[in-house]
Amino acid sequence: CFGSTVRQQRRFPDDFIFGAATSSYQIEGAWNEDGKGENIYDYETHNYPEGIADGSNGDIAADSYHNYKRDVEMLRELGVDAYRFSISWARILPTGFADEVNPAGIAYYNNLIDEMLKYNIAPLVTIYHWDLPKTLQDLGGFLNPEFVDWFEDYARVVFENFGDRVKKFITFNEPREICIVTLMDTGSDVKDKLNSKAVTTYLCAKHLLVAHAKAYKLYDQEFRAKQGGECGITISVNWFGAATESPEDIVAAELRRQGEWGLFAHPIFSAEGGFPKEFGEALIEKNASLVLADFTHEEKAFIRGTADFFGVNHYTASLVYGNKKQTESFLPSIMDELEYNYMEPDDNWPAAASSWLTLAPDSIFKTLSHLRTLYNDPVFYITENGWSTKNGLDLFDDDRVRYYRASMESLLNSLDAGIKLKGYMAWSLMDNFEWSAGYTERFGLYHVDFSDPARTRTPKKSAFVYKHIVKHRYVDYEYEPDTMTMTID
Ligand code: GBH
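Final position of the sequence shown in our numbering is 1152; the numbers increase by one with none missing.
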């Protein structure tokens, strides 16, 4: 019953949006060109290179600042409908503040957007994908209550300049990673500031969510009528399943889900708003940090319902064991407080180059079904999903092909179940600076030669397979590219 003929009958609807994703710091380079300001990753990688696996940085990265036309050409080769990229805050607002706009920065994104629109490729713009202006970090970053206004001012500049052509905005990429994980393994300043105590996690979450809601309302009230687009947020939602049917495992898995993503999803998407209830209770028993950072009634109401869609970055899954404590805590603050239970992937799940990434069965479907029930059937986009291989010329990336095909089946399962899933963005269009892994882990559909000043991009086998799926709207397991030369159809 696993025959390819059976699977081939399942097709993606014509209006399902396929795309690919990147983020500014990971691809752009040109870190100090044409008036761009310094951001926290410039600062971190320059001052604490030991925190990056290969001591590298994003100074040049894939040099997309100079290669954006080639990037759009790659999107045309793939035949995708959309491209998700992010705006570098310090490139358009070098001081972080909106009173000084950098025309060269605005011009770069205008050129990129116009180039995409020439070929009917829709921009999906992430307003913030981790590269905070250093000036704002020096003022406390997300922990400063003023952050909400800095972000609203920045969002206004983005809507004003690009909203005539951009119809989908994502305020933040992965609040969990911003408030809990950011740079945690670089031994850095930013990490120490953000993670020294659990309370900072909750304060960060609170300010981030209020900032998101402010930007959403700004769009809704001042831009939507004339620009006609949508605004949402992207949260990293991996699947955390109970290891067994035992009550301990079930309770532990639920607590884990709420601590991993409920903290950020619940305030926006739940009917009651605020931090997840059980999670709050568990913490309040421990200490007062959540209480200190909890929302006021007004804030709860202000944040609730502020998303036209739910962007989900989904990569993997873990099994949670209620009877085993996590010995070494990966996320220092929040995990210690909650005494999170142990979790690990199933031994049988294939492992990627990244330690945290395995191919888990049908995990997109499991995740979306769960979210759909919890949050009253929202519109979803998968805004990231992808597989890492080790540094090297991995052009025949059959393990990435296997991962993408499995994801496609899980998307189809979600569509069959009636989940309002509108699109899928592969991470990533091309190899890029993989944060603390530097260039040692590669997620691209296109290989990038980082030793070549031209940063030549070469399609991998997965690019051909993805292109075939996008074009024919089904997964053909027999398909093999007959040449590794890409064309634009
Ligand atoms: C996404 O995060 C990011 O949005 C994107 O920028 C990134 O390139 C992509 O995933 C691939 O990583 O190495 O054990 O310290 C996904 C969530 C959270 C996964 C942090 C990696 C670090 C685990 N990420 N996590 S570890």
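All C-beta atoms in this analysis are idealised placements derived from N, C-alpha and C, irrespective of residue type, glycine included.
Say the cut is 7 Å; is the CB of residue i nearer than that to a heavy atom of the ligand GBH?
| i | result |
| --- | --- |
| S1125 | no |
| Q689 | yes |
| F748 | no |
| N986 | no |
| S899 | yes |
| E840 | yes |
| E713 | no |
| E908 | no |
| F835 | no |
| S981 | no |
| F822 | no |
| F1106 | yes |
| S1070 | no |
| Y978 | yes |
| E1097 | yes |
| S1017 | yes |
| E1047 | yes |
| S1026 | no |
| W924 | no |
| W1090 | yes |
| S686 | yes |
Could you have a look at residue i and say whether DSSP puts it in helix, strand or coil?
| i | result |
| --- | --- |
| L806 | helix |
| A916 | helix |
| Y1044 | strand |
| F1113 | coil |
| A928 | helix |
| M1147 | coil |
| K1123 | coil |
| G985 | strand |
| F679 | coil |
| S749 | strand |
| W1098 | helix |
| K1085 | strand |
| C664 | Only weak support is given to the placement of C664: the predicted model assigns it a pLDDT of 47, under 50, and the value that follows is read from those uncertain coordinates. Note: C664 maps to coil in three-state DSSP. |
| N824 | helix |
| D1152 | coil |
| N773 | helix |
| P910 | helix |
| N730 | helix |
| N695 | coil |
| L846 | Model confidence at L846 stands at a pLDDT of 45, short of 50, so the residue's coordinates are unreliable; what they give is reported in the following sentence. L846: coil per DSSP, three-state reduction. |
| P712 | helix |
| R1136 | coil |
| P766 | helix |
| N702 | strand |
| A970 | coil |
In the DSSP assignment, what are the bridge partners of residue i?
| i | result |
| --- | --- |
| F835 | Y791 |
| V975 | I898, I1045 |
| P1153 | The question about residue 1153 has no answer here: the residues shown for the chain are numbered 664 through 1152. |
| E1006 | The residue asked about is misnamed: residue 1006 is Met in this sequence, not Glu. DSSP, once it has assigned bridges, lists V983 as partnering M1006. |
| W1153 | Because residue 1153 is not part of the residues shown, which for the chain are 664 to 1152, the question remains open. |
| F903 | S981 |
| K1053 | E1104 |
| E893 | K831 |
| T1021 | A1014 |
| N720 | Partner(s): none; N720 has no beta bridge. |
Assuming residue i and residue j form a contact by the criterion Cβ under 8 Å, report the distance between their Cβ atoms to the nearest whole angstrom.
| i | j | result |
| --- | --- | --- |
| V900 | T1036 | V900 to T1036, Cβ: 14 Å. No contact. |
| G826 | G892 | 6 Å |
| H977 | I1045 | 6 Å |
| I896 | G974 | 6 Å |
| S727 | I690 | 4 Å |
| C867 | F822 | 24 Å between Cβ atoms; not a contact. |
For a cutoff of 8 Å on Cβ pairs, would you count residue i as touching chain C?
| i | result |
| --- | --- |
| Y791 | This model lacks chain C altogether, as it is built from one protein chain only. |
Exercise for the section: Count the C-beta pairs between the region 957–966 and the region 1001–1012 that are closer than 8 Å, then say yes if the count reaches three, no if not. Expected result: Fewer than three Cβ pairs drawn from the region 957–966 and the region 1001–1012 lie within less than 8 Å of each other, which leaves the two stretches out of contact.
Handout entry: the region 1105–1123 in contact with the region 1048–1055 per 3-pair CB rule at 8 Å
Key = Judged by Cβ distances under 8 Å, the region 1105–1123 makes contact with the region 1048–1055, as three or more pairs qualify.
Handout entry: Sufficient close CB pairs (3 or more, under 8 Å) joining the region 1140–1148 to the region 1084–1100
Key = Too few Cβ pairs lie closer than 8 Å, so no.
Problem - Three-pair Cβ contact test at 8 Å for the region 1124–1134 versus the region 1062–1071 - result: Counting Cβ pairs under 8 Å, three or more are found: they touch.
Handout entry: At least three beta-carbon pairs within less than 8 Å, the region 834–842 to the region 774–783
Key = With a cut-off of 8 Å on Cβ pairs, the region 834–842 is not in contact with the region 774–783, counting fewer than three such pairs.
Exercise for the section: Say whether the region 708–718 touches the region 1098–1108, bearing in mind that this needs 3 or more beta-carbon pairs closer than 8 Å, one atom from each stretch. Expected result: These segments touch.
Practice task
Indicate whether the contact test is met: 3 or more Cβ pairs, each with one atom in the region 683–691 and one in the region 779–792, closer than 8 Å.
Solution key: With a cut-off of 8 Å, the region 779–792 and the region 683–691 count as touching, because enough Cβ pairs lie within range.
Practice task
State whether the region 744–762 contacts the region 1115–1124, with contact taken as three or more CB pairs (one from each stretch) at a distance under 8 Å.
Solution key: No contact exists between the region 744–762 and the region 1115–1124.
Problem - Contact the region 874–882 vs the region 808–820: 3+ CB pairs below 8 Å - result: By the criterion of at least three beta-carbon pairs nearer than 8 Å, the region 874–882 is in contact with the region 808–820.
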